[in-house]
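K.L.:
Residue numbers (my numbering): 3 to 330. Backbone N, C-alpha and C fix where the C-beta goes; we use that ideal spot for every residue, glycine too.
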Ligand code: NAX
């Protein structure tokens with residue numbers, strides 16, 4: 003067996019946490035030979051509920067679960083962590099303005115960014131699931147000047163997985179036949195799920211679909227609005243699928259993309275595809291040895307360009323708003 007990995011999860015007593023912790027503890031991230039040390043952060047009033055979740059973790063007797071620590075102080079919980087999954091965030095409540103939402107989350111992610119900066123392990127990688135995920139990642143990254151920027155990422159893997167599933171159903175194929183799908187931009191309704199570079203069984207996916215109208219009028223809005231459809235059906239936002247995607251994203255980052263495929267990750271733009279430098283924008287990436295690289299050289303047609311720019315524009319506005327608030 004290998005040395006233990008220390009994984010922090012914030013918002014651990016929440017909906018996503020209730021699925022995520024059990025998957026992490028059972029070895030879904032790094033397999034049966036890597037012991038997992040969980041370090042769980044919650045706000046003080048949620049610590050009691052979190053204690054209950056820890057009782058259940060104990061009761062699973064997971065062979066891979068080495069230890070669990072809980073607390074409400076990020077400086078303590080983030081101490082020595084190799085992976086930080088920032089799930090906890092302030093949801094938008096009725097009557098809350100966008101600025102209020104950004105400042106409430108700003109307070110969380112500035113503080114957590116600083117605590118990671120000061121206490122995380124040198125090899126730390128940080129994945130942000132809590133919404134608005136891209137901009138929360140930007141805030142954490144900007145408040146952690148000693149952590150390389152490439153160590154921050156926001157979750158668009160759920161969108162990626164949703165797109166895989168929709169495309170598989172439409173074409174009667176298996177998700178395992180689909181490669182090189184891309185989510186561009188923000189984890190929001192402006193995201194652009196792109197199948198023009200994707201392959202199904204080695205054939206171009208858009209050609210297999212053969213129906214541009216379906217792509218523009220059904221596929222893209224279905225993927226972009228899937229979160230709302232889940233809320234409508236379930237009466238609660240996606241949780242198990244979000245937890246699963248959070249693990250998929252971290253596993254891909256740490257263990258690499260397969261040859262001939264890529265994944266979608268929102269990472270700090272280096273100006274690739276004319277996306278403004280410094281935005282946390284979802285790109286097609288390959289990963290190996292814990293590092294990601296943006297896939298270069300894809301041909302972008304006018305349709306794709308318009309969608310990529312529209313979602314970039316939304317992220318520029320979010321960035322400018324948090325700059326205005328002094329959060330970055
Ligand atoms: P819940 O409201 O069930 O849980 C959030 C938890 O975070 C709560 O227990 C709360 O006490 C805790 N929390 C709040 N502030 C905290 C802080 N400063 N430190 C530590 N914990 C804190 O939400 P849940 O359904 O679990 O969703 C969590 C986040 O994921 C939300 O922001 C949600 O919008 C976002 N999502 C992101 C997705 C993505 O694909 N990127 C998809 C699913 C989900 O909507």
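Looking at the unbroken beta strand (DSSP E) that takes in residue 88, where does it start and where does it end?
P.N.:
85-88
K.L.:
Less than 7 Å separating the Cβ of residue 92 from some heavy atom of the ligand FAD?
P.N.:
Summarising the ligand content, the structure contains the ligand NAX and does not contain the ligand FAD.
K.L.:
At which residues does the beta strand (DSSP E) containing residue 8 begin and terminate?
P.N.:
7-12
K.L.:
Cβ of residue 91 within 8 Å of Cβ of residue 133?
P.N.:
yes
K.L.:
Quick one: is the Cβ of residue 18 within less than 7 Å of any heavy atom of the ligand NAX?
P.N.:
yes
K.L.:
List in chain order: all unbroken beta strand (DSSP E) runs of 3+ residues lying wholly within the segment 135-202.
P.N.:
154-156, 184-186, 194-196
K.L.:
Could you give the C-beta distance for residue 129 and residue 251, rounded to a whole number, given that I count them as a contact under 8 Å?
P.N.:
Taking a contact as a CB-CB distance under 8 Å, the pair residue 129 and residue 251 counts as one, their CB atoms being some 6 Å apart.
K.L.:
Return the residue from the list 314, 64, 46 that minimises the CA-CA distance to residue 27.
P.N.:
64
K.L.:
Which complete beta strand (DSSP E) runs does the segment 217-296 hold, if anything under 3 residues is left out?
P.N.:
265-270, 282-290, 293-296
K.L.:
Would you call the CB atoms of residue 249 and residue 272 closer than 8 Å?
P.N.:
Cβ distance not < 8 Å, so residue 249 and residue 272 don't count as in contact.
K.L.:
In terms of alpha-carbon separation, which member of 168, 307, 145, 176 lies closest to residue 225?
P.N.:
168
K.L.:
Got a sec, what are the start and stop residues for the alpha helix (DSSP H) residue 127 sits in?
P.N.:
That residue, residue 127, is in no alpha helix (DSSP H); its beta strand (DSSP E) goes 127-130.
K.L.:
Using 8 Å as the cut-off, can you tell me whether the segment 299-318 makes contact with the segment 193-203, which would need three or more C-beta pairs spanning the two stretches below that distance?
P.N.:
yes
K.L.:
Does the ligand NAX have even one heavy atom less than 7 Å from the beta-carbon of residue 110?
P.N.:
yes
K.L.:
Of all the options 267, 95, 60, which has the alpha carbon lying nearest to the alpha carbon of residue 293?
P.N.:
267
K.L.:
Taking buried to mean at least 16 other C-beta atoms within 10 Å of its own C-beta, is residue 220 buried or exposed?
P.N.:
exposed
K.L.:
Assign residue 99 to one of three DSSP states: helix, strand, or coil.
P.N.:
coil
K.L.:
Return the CA-CA distance between residue 229 and residue 240, expressed in angstroms with no decimal places.
P.N.:
6 Å
K.L.:
Any contact of the segment 155-164 with the segment 97-115, i.e. 3+ C-beta pairs under 8 Å?
P.N.:
no
K.L.:
Expressed to the nearest angstrom, what Euclidean distance is found between the alpha-carbon atoms of residue 12 and residue 119?
P.N.:
Computed Cα separation, rounded: 16 Å.
K.L.:
For the beta strand (DSSP E) that contains residue 69, what are its first and last residues?
P.N.:
67-73
K.L.:
Which first and last residues belong to the alpha helix (DSSP H) in which residue 59 is found?
P.N.:
49-62
K.L.:
Measuring CA to CA, which of 223, 34, 100 is closest to residue 191?
P.N.:
223
K.L.:
Say whether the segment 137-147 touches the segment 259-266, bearing in mind that this needs 3 or more beta-carbon pairs closer than 8 Å, one atom from each stretch.
P.N.:
no
K.L.:
On a Cα-Cα basis, can you pick out the residue from 19, 212, 9, 5 that is closest to residue 246?
P.N.:
19
K.L.:
What are the residues that DSSP puts in a beta bridge with residue 39?
P.N.:
Under DSSP, residue 39 takes part in a beta bridge, and its partners are 8, 69.
K.L.:
Taking 8 Å as the limit between beta carbons, can you name the residues of its chain near residue 327, skipping five residues before and five after?
P.N.:
101, 104, 105, 108
K.L.:
Are the segment 272-288 and the segment 177-188 touching by the rule of at least three beta carbon pairs closer than 8 Å?
P.N.:
yes
K.L.:
What's the gap between the Cα of residue 330 and the Cα of residue 83?
P.N.:
23 Å
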